[in-house]
Every structure is written in C-alpha cells, then in structure tokens.
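Residue numbers (numbering that gives the first Met the number 0), protein chains in the order written: chain X, 0 to 432; chain S, 0 to 323. Built from N, CA and C at the ideal position, the CB exists for glycine as well. Quick caveat, the model's predicted, so the values are computed rather than measured. Working notes for the structure below.
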Amino acid sequence: MYSRKLRFISLLLVTMLFLALGSSALAQDAPLELQMTWWGSQNRHDRTIAVIEMYEAANPDIDIVYEFSNFTDYWPLVQTKAAGNQLPCIMQQDYQYLAEWANRGLLYPLDPFFTDGIIDISNVDQSILDSGSIDGQVYGLSLGTNSPSMILDVDAFEAAGIELPPLDWTYADFEAIATQLHDELGIWAISYGMDDVQMWRGVYISRGEWIFNDEGTALGYEDDQPFVDYLNMIRRLQESGAIASGEEQVEASANGHENSPIVTSGEAMRYQWSNQVVSIFSAAGEDRHFRLWPLPRTEGGASANYLKPSMFLSVPSQCENPEEAAAFLDFFTNSLEANEVLFAERGVPISTAVQDHLRPMLDTVGAETFAFIATVAEDASPNPPPEPQGWSDISANVYGPEFAEPIRYGLLTPEDGVVILREQADAILAQNE
Amino acid sequence: MSKPAAALPVSGTVQQEPVQARARVKTRNKDFKQSDLAGYLFISPWLIGFLLFGLIPLLMSLWLAFTDYDILSPTTNFVGLDNFERMFFQDARYGRSVAATFRYVFASVPLRLAFALGVAILLNTKRRGVYWYRAAYYVPSIIGGSVAVAVMWRQIFGREGVVNAVAQMLGMDPVNWFGNPDTALWTLILLAVWQFGSPMLIFLAGLRQIPAEMYESASIDGATAWNKFLSITLPLLTPIIFFNLIMQTIGSFKVFTQAFIVTGGAPLDSTLFYSLYLYNRGFANFQMGYAAAMAWVMLLVIAVLTAVSFKLSSYWVFYETDVR
C-alpha cells in the first residue's frame, strides 16, 4: 500500500518536473513580458495602446501587457498590486504621490539608466528632470509639462465689450472682469474651481511662499489674511451671481468636462489644467475661440503659475527587468514616431527635439497649449516641492469638507475657516515629525 | 457497528482475536475517513473560496483594525484603540457619515417597504397581463444597483434634467437637486424606493399564502376593503414584513454605488454614506487600518440593530404556528 502511494507521489513529482521544465523551456522562446499601467481618458488609452503595439512590432522579444483606468480607480488598483508584490514594470505616476511612493522604496531611481544611456536625456532640460526627483534621485520621468490655466471664451469677452486681461492680471482685475461679464451677458463668469486647492496654492505661490514648510510638518505660511481676502472676493462674486454658488457648482460640474457650461456658453471663463483642455475645446467645436490664460495673482506678486510635470512614468522596484522597462521609457520620451501618436496628449513633451518635430503638425488646441506653456515659462514661479505625506488626507478630508464647502455654502466665514484649516492640516502634518 | 470487536463471535485461536479486532477497527476508521474526505472534497470549491476570500480576509481585517496599515508602507504598527478613538472623538466627517447613513436607512427602508407592499397588493389580482406587470415592476431592482442607473439618475435630476424641465414647465424655478444638501439625500432615497422589486416579490408570495376564505367570510360579515387589509392582510403578513425589514435594513446600511456615482458624498457630506466614506479612507487616503476599524464598527451596529429588531418582533410579528 505504501509502495503504491510512493509510486503515485513519484509519478506526480516527475510529471510536475516535466511540466516545469517544459514551461521554462517555453519561456525562453516566449517574449519577455512587461506590465504597464496608466490612467486617463479613452483618447489616451487609444494613443498609448497604439504606441505599445508600435514598440512590440519593433521589439519582438518584448510583450507589453497593459491595464488602464480612470484616475480615481487607478490608485486603489496600483496600491493593491503593490500590496501583492504585483506592481507593473512601467507605471504612470502622479506628482502628488511620487514622494510617498519613492520614500517607501517602491520605485527604482532612474539615474543609472541615464548614465548607461538606456534613457537618452540629451534633449531634456535639467529642471524637468529635477521635477521628478526626490532627495537628489530621479524617480519619475515626466511625460509632459502643464500648468493651471483659465480658458477665456474670446467671443464672450467681445460680446461683453471687454478686452482680454493682461497676462499678469490680479485678483482685483479678476473680480472686476467677472462682475462685468456677468452684468453684460447674464451668464456666469466662471462656474467651477474658484475654491479648488489650486487657488490656495496659487495665493501663496504668488507671494513667493508655499503652503507647506520644507519639512512637511506644518503649513508653510504665517499670514492667513491673503487667503481670507481671496475667499471674501469669491463670496462677493457668488452673492452677486457672477460666479456659480456652491450649490450650482455641484450641478454644473457633475457631467464631465465635455458638458461644462463653457461649452454651451453658460460661462465665459473656466479653470482647468492645460492638459485637460482638449476635450473642452473639441466639445465646443471649431467655430468657437478660446484662449488659455495664466491664473490671476496677488497685487504686485509673482506668477501664480508654475510648470508642473503632468505625470510621470516610473519603474517600480518590484520589477524584475528594470533595464527593459527603461528602454521603453526612452522610446516613449524620445521616439518621434511614438510622439506623433501620443501627440502631446499628456502635456507638452519634455524633449525639445520632439517639441520641434510636433510643432508644425499642431491643431488649434495643441498650438494654443504649446503657446500657453511658452508664455507661462517666461515668468513662471518655481515648481513647488511635492506635497508632503498626509496630503491626500488633507485635501480629501479637511480642505473640501471642513473648509471650502462650508464657506461656499455660507455656513462658515473665511476668517473662521482659515483657523480650522490650519489647525486640522497641522494636526495631520505633525505626524511627519 | 458500535459493538466492541471482542464481543463478536469469532472462530479460531485466542491469539487471532486481537489481530482481527484491530483489523476491523482499522477498516472502519479508514471507511470513515474516506467518506469524510469525499464530503470535504465535494464542498471544497466552496470551502476554499470561503477560507481564501471570506474567513481569512475577515480575520485579517479584524487585526488591521488595530493597526496603521496603509498598503504601501513596509511596516505596519499595532496602534491599539487609536483608530476607534479617532473615529469617535476626532473625526468630524465620521459623525456626518453616520448621520447621513442613518437618515438614509430610516427614510428609505419604510418608504421602500410601503411602496413594495402597495404594488404587491395591486399585482395580487387576477387581471389580464398581471404577469407582465410583475416582471416590468421587478426590472428596476435588477438593474437598480448598477452604475448605468446611477448615471441615469444623475441626468434625470441634473440641472438640465427631466425633473427640472417639468418643474420649469409648471412655472417653478429649477432646483439644484444634487447641489442642495437638503434635497441631495432625497434623490438617493427616491432611487432606493424605486428599487422595490425584490421585497415586492416576497410580499407577493406572502399575499398568496393568505387563505381566500378569510376574505370571503370577512366580506359576508360586511368588512370593507380597508378593514380586510388592516385585520387580515397586515397581521398575516407580519412575518414577511419582518423578514423584508431585516434584509432591507442591512442592505441599506451597506449602500455604496448610488452615492459613489451620483453624488460622491457631496454636498457638505450630506450623502457621505458609511461605506463610501470607508472606501474613501481606505483606498483614496491610504488609511486601510482606519477603514478596517470602521468596517467592524458597522458590523457591530448592524448586528445590534438586527438583534433589537428580533427582540421587538415578538410584540408585533404574528406567526400562525404560535396559535396552534
């Protein structure tokens, strides 16, 4: 009886051995599998998949398996992969999370690949590489540059008889223009985003400060008054109906960029990051005239704009073939053919050679975006450091629900609000000490 | 079978006896084990699934509730009751999410049950095409939890949606249904009421159990329809009502999709349902330990509420078996 069992087990073992041998022998012939994940719109999915196929055609020994989703679902997806040691070899990363991921040892530093020449950075500005570096090591290769912008509906400005503002317009200019637009046209001057965290950043960047201290252990500014002044302006505009109220903003921004009021001439301006304007421009149609403008700034202050890497590609440290992944990063960044397909959809490409190659082919939106980035670059404030650990908590659980929303709904004054914001943000940041 | 082996009539020498006995015992044990094994094998697909995706995650989440687990960090620290302390004493959003959830449950469950019962009574007639109606009314609850319906709901109550269009035709001002904290929750409650299909089906089954003779004799005694409903239908239906109440309450506490898609918890956290907040904390803010603690509190609350319902049920639920 025992011998029968033994025979069975040894048979099983032999079978498994053969299977293992077989699969490893097969694996040597099969192309090397690299995984890639990104977030984005359908447009981006189509472009990225086309480039992946292009790369696979040129490199038959590589097989890129991809997974994509929207931004919100992307982070649970990759976090779960991280927990299961299943991170892809090529991963789209975001500026606000780069530090958290790099500090936890989840990403390879890319500098060795620059030195090896696997990734060619000869056409990339050092400041762009710096934007993806944490403590002197580059952990993310920027995929494009963008900046927060105001879309101005030139036709609406003309109809209201208002000239386009100067590029260095102030908050006072903004208030005057918004009031005038509303009075003349009876529509909102702007329906969305005036209480966005970007405006918080903007108020202090414009003053040469940053909302967090260098250590990321507390807020980085002493004076709450400038932000109080800004919010009181928003409240005045809201009360006069020049901009959408808190209630109206929820409704007006419920159905995606393509359905935003500026598309249907329900607002004359719109706040949007410059790499997100494509869908709005195309939804509005060819016969409309939109311009991209920098954000307003404080009186006599610096620009509230800065050049931000729109997103990165990173190589997670769980990847077994980092060199192969790096080679793909190089293709993505430097290949002219690939970038003809990607077509600056992730922001203005970082390689100057690619920029020059694309410029003659640009359509209206592309040309406007390239021009806007060039305009911003002239007096852009320096790119602020990535947000400290705890930022997602602050932005999701403090800034909106405890501060901006109650202010927009008239339940809280800006004066009381800034106290709460500071208190609660500091409490979260204190954990970084 | 249970007789001791030594008591069995055996032939042969004395020395043989224990040998045989041992052999028999062994065989019996083996038989037992094999049939046991077969049984386990048969339920193994379920068993493996339950262990891997049920019990183990359950126990792990209990452990995680006392840690600062955030998925990404290499180290996870035991933090004792910190998560619970933060939940009950520091987190203002937690209080709001509990309030929103209770408001939703206590408004939507009675409304949904009343609606389901009403429709069930209407459909419990022998009219032509009643089967068709039954199917038609059940459809919303099949598709009701889906993303598509949530998206549709957003369109219906949107700024330019059907509801506002009708309101404007009637000369009323359009309402920001999702923007106003007073109305946003009600749009979701309405969505819940609309998905009355499954309690309705159960009510229908219950209604058909009530003997027709009771109604007949009541009619002979001159009872009105309303009298019959109050004195016959309702009392005999109480076990069904109770069952539906428990199931719907538990289901409503776990509501997620509708708020996630339609409102995202806005405005002013008025639709920030418990599961949605839990999901946000865990997956958007990386605070998986805190989220696990929240989940266990929810489990306890539901368990306590269910226990209380069962306790109270003896006062109003009528089982026919009680009489017999």
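Go ahead and pull the three-state DSSP assignment for Glu-336 of chain X.
-> DSSP places Glu-336 of chain X in the helix class (H, G or I) of the three-state scheme.
Which of helix, strand or coil does DSSP assign to Lys-125 of chain S?
-> In the three-state scheme derived from DSSP, where H, G and I count as helix and E and B as strand, Lys-125 of chain S is classed as coil.
Could you give the DSSP three-state label for Phe-114 of chain S: helix, strand or coil?
-> helix
Residues bridged to Lys-80 of chain X (per DSSP) = Lys-80 of chain X pairs with nothing; no bridge assigned.
Helix, strand or coil at Leu-312 of chain X according to DSSP, with G and I counted as helix = strand
Round the Cβ separation of Leu-151 of chain X and Arg-287 of chain X to the nearest angstrom and send it over; I've been treating them as touching at under 8 Å.
-> The Cβ separation is near 11 Å, so there is no contact.
Leaving out five residues before and five after Trp-168 of chain X in sequence, what residues of the same chain have Cβ atoms less than 7 Å from its Cβ?
-> So the list reads Pro-295, once near-sequence residues are dropped.
Interface partners of Pro-266 of chain S on chain X, CB under 8 Å | Gly-245, Glu-246, Val-249, Glu-404 and Tyr-408
How long is the line joining the alpha carbons of Ser-274 of chain S and Val-296 of chain S, rounded to whole angstroms?
-> Distance between the alpha carbons of Ser-274 of chain S and Val-296 of chain S is about 11 Å.
What residues in the region 54-80 of chain S have a beta carbon less than 8 Å from any beta carbon of chain X?
-> Of all residues in the region 54-80 of chain S, those with a C-beta nearer than 8 Å to a C-beta of chain X are Ile-70, Leu-71, Ser-72 and Pro-73, reading in chain order.
Does Phe-272 of chain S come within less than 8 Å of chain X when only Cβ atoms are used?
-> Interface residue (Cβ-Cβ distance to chain X less than 8 Å): Phe-272 of chain S is not classified as such.
Would you mind reading off the limits of the beta strand (DSSP E) that contains Ala-62 of chain X?
-> Reading off the sequence, residue 62 of chain X comes out as Asp, not Ala. Asp-62 of chain X -> beta strand (DSSP E) spans 61-68.
Outcome for Pro-400 of chain X when other beta-carbon atoms lying within 10 angstroms are tallied against a minimum of 16 = buried
As assigned by DSSP and simplified to three states, the class of Val-316 of chain S = coil
With a cut-off of 8 Å, does the C-beta of Phe-285 of chain S fall near any C-beta of chain X?
-> yes
Do Ile-261 of chain X and Ala-177 of chain X have their C-beta atoms closer together than 8 Å?
-> no
Return the first residue and the last residue of the alpha helix (DSSP H) that Ser-148 of chain X is part of.
-> Here Ser-148 of chain X belongs to no alpha helix (DSSP H); instead the beta strand (DSSP E) covers 147-152.
Where the alpha helix (DSSP H) through Gln-41 of chain X begins and ends = 41-57
Contacts of Glu-99 of chain X in chain S (Cβ-Cβ under 9 Å) = Going along chain S in sequence order, the residues near Glu-99 of chain X (Cβ under 9 Å) are Leu-71 and Phe-285.
Give, in chain order, every unbroken run of the alpha helix (DSSP H) that is at least 4 residues long and sits entirely within the region 121-146 of chain X.
-> The alpha helix (DSSP H) runs of length 4 or more contained entirely in the region 121-146 of chain X are, from start to end of the chain, 125-129.
Spell out the partners DSSP gives Lys-307 of chain X in its beta bridges.
-> According to DSSP, which records beta bridges pairwise, Lys-307 of chain X is partnered with X:Asn-145.
Grab me the residues of Arg-323 of chain S's own chain with a C-beta within less than 7 Å of its C-beta, minus the 5 sequence neighbours each way, in chain order.
-> Caution is warranted here: a pLDDT of 46 is assigned to Arg-323 of chain S, below 50, making its placement in the model unreliable, and the coordinate value is therefore given only provisionally. The answer is none, since no qualifying residue turns up.
Count the CB pairs spanning the region 140-151 of chain S and the region 186-201 of chain S that are closer than 8 Å, and state whether there are at least three.
-> yes
C-alpha gap between Asp-194 of chain X and Ser-121 of chain X, whole angstroms | 40 Å
Proximity test, Phe-49 of chain S beta-carbon vs the ligand FAD heavy atom, cut-off 7 Å | Looking for the ligand FAD in the displayed structure turns up nothing, as the structure carries no ligands at all.
Measuring CB to CB, does Val-314 of chain X end up less than 8 Å from Cys-88 of chain X?
-> yes
Determine which residues of the region 282-305 of chain X have a Cβ less than 8 Å from any Cβ of chain S, and write them out in chain order.
-> none
Between X:Ala-337, X:Gly-416 and X:Thr-368, which lies nearest to Ala-56 of chain X when the distance is taken from Cα to Cα?
-> Here the closest residue by C-alpha is X:Ala-337.
Check whether the Cβ atoms of Leu-306 of chain X and Ala-373 of chain X sit closer than 8 Å, and answer yes or no.
-> no
Trp-209 of chain X and Pro-383 of chain X look like a contact to me (Cβ under 8 Å); what is the Cβ gap, rounded to whole Å?
-> 5 Å
Length of the line joining the Cα atoms of Arg-269 of chain X and Met-59 of chain S | 46 Å
Burial state of Gln-271 of chain X, where buried means 16 or more other Cβ atoms lie within 10 Å | buried
Terminal residues of the continuous alpha helix (DSSP H) containing Trp-225 of chain S?
-> 224-227
Please list the residues of the region 156-177 of chain S that have a C-beta atom closer than 7 Å to any C-beta atom in chain X, keeping them in chain order.
-> Gly-157, Arg-158, Asn-175 and Phe-177
By a C-beta neighbour count over all protein chains shown, 10 Å radius and 16 as the cutoff for buried, is Ala-24 of chain X buried or exposed?
-> Model confidence at Ala-24 of chain X stands at a pLDDT of 47, short of 50, so the residue's coordinates are unreliable; what they give is reported in the following sentence. Under this definition Ala-24 of chain X is an exposed residue.
Run down chain X in chain order and give the residues with a C-beta less than 9 Å from the C-beta of Arg-85 of chain S.
-> Going along chain X, no residue has its Cβ under 9 Å from Arg-85 of chain S, so there is no contact; the nearest lies around 11 Å.
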